[in-house]
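Student: Dropping a structure here in structure tokens format, bear with me for questions.
See the structure below:
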């Protein structure tokens with residue numbers, strides 16, 4: 085229940101115009117989009133910005149995992165320079 089209470093507090097702060105809750109201040113999120121989605125991009129970019137962070141959009145033409153670049157290399161490079169990595173992909177497989 086504590087998490088829901090905290091979420092309500094944060095929502096009220098943001099609605100009031102106060103920007104005192106910035107857990108991602110100075111943080112960067114790489115957003116990998118193999119499958120483009122306007123709603124997903126806008127919601128993640130806006131949310132991360134409102135919480136103090138900066139998001140970088142990487143579309144299908146920016147990263148061609150498994151074709152031009154190995155997935156392992158992409159993960160290593162992105163994890164070195166970003167604090168958060170999110171991905172919107174076509175399919176999920178467990179190795």
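Numbering (the working numbering), first residue to last: 85 to 179.
Glycine is no exception: its CB is placed at the ideal position from the N, C-alpha and C atoms.
How do the region 91-101 and the region 119-133 stand: do at least 3 beta-carbon pairs fall below 8 Å, yes or no?
Tutor: No, they do not touch.
Student: Using the C-alpha atoms, what's the distance from residue 161 back to residue 110?
Tutor: 19 Å
Student: Given a threshold of 16 other Cβ atoms within 10 Å of its Cβ, counted over all protein chains shown, does residue 137 qualify as buried or as exposed?
Tutor: buried
Student: Would you decide whether residue 115 is buried or exposed? Buried here means 16 or more other CB atoms lie within 10 Å of its CB.
Tutor: buried
Student: Is the beta carbon of residue 108 less than 8 Å from the beta carbon of residue 135?
Tutor: yes
Student: Please classify residue 173 as buried or exposed, where buried requires at least 16 neighbouring CB atoms within 10 angstroms.
Tutor: exposed
Student: Note the first and the last residue of the continuous beta strand (DSSP E) segment covering residue 114.
Tutor: Element bounds for residue 114: 112-117.
Student: By a C-beta neighbour count over all protein chains shown, 10 Å radius and 16 as the cutoff for buried, is residue 175 buried or exposed?
Tutor: It counts as exposed.
Student: Could you give the residue range of the alpha helix (DSSP H) that holds residue 97?
Tutor: 86-100
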